[in-house]
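Enquirer: Okay, so the sequence shown: first residue is 0 according to numbering that gives the first Met the number 0, each after it adds one. Here it is, the structure, as structure tokens.
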Amino acid sequence: MMRLRRLRVVVAVLAVAGLLVSLLSSNSGAQSEYLGGVGMPYDAFERLPKTELQVGGGIVQVAFAPGRVDLPTETVLGWVKRSAEAVTVYYGRFPIKKVKLLIVPVGGKGVQGGTTWGYRGGAIRMKLGSDATEADLLRDWVMVHEMVHLALPDLIDRFSWLSEGLAVYVEPIARVQAGHLSAPDVWWSLMRGMPNGMPRGDDGGLDNTSSWGRTYWGGAIFCLIADLEIRKRTNNKFGLQDAMRGVLAAGGNHEVRSWSIEKVLKTADAATGVDVMMRLYEKMGPQSMDPDLPGIWQKLGLSVRDGRIEIDETAPWASLRSSVMKTPTL
Ligand SMILES: [Zn+2]
């Protein structure tokens, strides 16, 4: 008796919830179902029609939330595919078997931000301006950035600097390797961006500082130093790219939540045979370290004159610099 009554209450609640959902989706508030809340709207995604793109041995399942997008669907799908191909070139394969990609049309221009999750299967939500143009999609970096997140275990917030730093550092390099950007342009953008990641005031190291600059660009500085150090220690045979491919090969993708940062870094180090990432983490993670960015640019042979980047092929680390942007042959 009691059980039956409880069941009726549940049914009534579900009916009201269903009514609310249909009310929301019947007016301009439709996006709230796809943009509200803190997580990926997995259930809402499942109700939408999907297109499957096969890239790098993986599947990108694309669905559009209701709303206006002026661009043809083919153009939007082309952007997704091109981005997935860049990530595939960097990692040697698409990072996970299947990712759910929800494109949510929002007002305005361009690509307006993305978020990646892994807790119920790899998923990305991308906000796309209704007035976005093809040129916006051709120069977009957000889609590649989010897809790079798929290639690292889901770490706790304290270590966001590693996932964001990798995304900031790997995204433009992947696009160079895929032929979408030029290496000098990317070096110049790294030279402009990285000063944002320098420690300031009473910085407590990357683990203990959650500012935007330290999280995104501080993490990217960690990646650059690790990349160069691995190359120096292995006679330029391996780099960060090989290290991160090793993490993926060991099963460390974004659907994995149980890995510690130590496990990630030790797995990365095992792939290159040198303990660079773990050692660098000890210096830059729990405590603050002041990296010598101008010294690094100089050794790499990079300088800026009259608003243009100049490259010195006789610089001591010139061969490391060109290897960073090259796809490994193995
Ligand atoms: Zn990110």
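Even glycine gets a Cβ: it sits at the ideal position worked out from N, Cα and C. Everything numeric in this text was worked out from a predicted model, so none of it was measured.
Is any non-hydrogen atom of ligand 1 found closer than 7 Å to the C-beta of residue 173, if you look at the structure I gave you?
Expert: no
Enquirer: Check each candidate in 230, 306, 285 and 316 and name the one with the smallest Cα separation from residue 327.
Expert: 230
Enquirer: Are the segment 103 to 113 and the segment 159 to 166 touching by the rule of at least three beta carbon pairs closer than 8 Å?
Expert: Contact fails between the segment 103 to 113 and the segment 159 to 166, because fewer than three Cβ pairs, one in each stretch, are under 8 Å apart.
Enquirer: Using 7 Å as the cut-off, classify the Cβ of residue 144 as near or not near the heavy atoms of ligand 1, replying yes or no.
Expert: Residue side-chain check: residue 144 places its Cβ nearer than 7 Å to a non-hydrogen atom of ligand 1.
Enquirer: Could you check whether the Cβ of residue 170 sits closer than 7 Å to any heavy atom belonging to ligand 1?
Expert: no
Enquirer: Quick one: is the Cβ of residue 166 within less than 7 Å of any heavy atom of ligand 1?
Expert: yes
Enquirer: Measure the CB-CB distance between residue 324 and residue 177 and report whether it falls below 8 Å.
Expert: no
Enquirer: Run the proximity test for residue 148: is its beta-carbon closer than 7 Å to any non-hydrogen atom belonging to ligand 1?
Expert: For ligand 1, at least one heavy atom lies less than 7 Å from the Cβ of residue 148.
Enquirer: Would residue 213 and residue 160 qualify as a contact pair, given that the criterion is a beta-carbon distance under 8 Å?
Expert: Against a cut-off of 8 Å, the Cβ pair of residue 160 and residue 213 comes out as a contact.
Enquirer: What residue ranges within the segment 176 to 235 form continuous alpha helix (DSSP H) runs of no fewer than 4 residues, ordered along the chain?
Expert: 182 to 192 and 218 to 232
Enquirer: Along the chain, where does the alpha helix (DSSP H) containing residue 32 start, and where does it finish?
Expert: 31 to 34
Enquirer: Check whether the Cβ atoms of residue 40 and residue 252 lie closer than 8 Å to each other.
Expert: no
Enquirer: Can you tell me which of the three DSSP states residue 157 falls into?
Expert: helix
Enquirer: On the three-state DSSP scale, how would you describe residue 44?
Expert: helix
Enquirer: Roughly how many angstroms separate the alpha carbons of residue 194 and residue 303, rounded to a whole number?
Expert: 15 Å
Enquirer: Less than 7 Å separating the Cβ of residue 254 from some heavy atom of ligand 1?
Expert: no
Enquirer: When burial is assigned at 16 or more other CB atoms within 10 Å of the CB, is residue 102 buried or exposed?
Expert: buried
Enquirer: Within its chain, find whatever has a CB closer than 7 Å to the CB of residue 91; leave out the 5 residues flanking it on each side and keep chain order.
Expert: 244
Enquirer: Please confirm whether residue 233 and residue 272 have their CB atoms less than 8 Å apart.
Expert: Note that the C-beta distance between residue 233 and residue 272 is below 8 Å.
Enquirer: Flag this pair as touching only if the segment 80 to 91 and the segment 140 to 148 have three or more C-beta atom pairs under 8 Å; answer yes or no.
Expert: yes
Enquirer: So residue 117 and residue 125 are in contact, right, with Cβ under 8 Å, and what is the actual spacing, rounded?
Expert: So it is not a contact: roughly 16 Å between Cβ atoms.
Enquirer: Hey, residue 97 and residue 57: beta-carbon distance below 8 Å or not?
Expert: yes
Enquirer: Express the C-alpha separation of residue 274 and residue 221 in angstroms, rounding to a whole number.
Expert: 14 Å
Enquirer: Within 10 angstroms of its Cβ, does residue 20 collect 16 or more other Cβ (buried), or is it exposed?
Expert: Because the pLDDT at residue 20 is just 43, under 50, the model does not fix this residue reliably, and the value given afterwards should be weighed accordingly. Per the 10 Å Cβ criterion, exposed.
Enquirer: Give me the Cβ distance between residue 59 and residue 153, rounded to the nearest whole Å; I'm assuming they're in contact under 8 Å.
Expert: The pair is not a contact, with the Cβ atoms about 19 Å apart (cut-off 8 Å).
Enquirer: Residue 321 lies in the alpha helix (DSSP H); which residues open and close that run?
Expert: 317 to 323
Enquirer: Is it the case that the Cβ atoms of residue 284 and residue 227 are separated by a distance below 8 Å?
Expert: no
Enquirer: Is it right to say residue 320 is buried, meaning 16 or more other beta carbons lie within 10 angstroms of its own, or is it exposed?
Expert: buried
Enquirer: Three-state secondary structure (DSSP) at residue 104?
Expert: strand
Enquirer: Determine the direct distance from the alpha carbon of residue 267 to that of residue 131, and round the result to whole angstroms.
Expert: 38 Å
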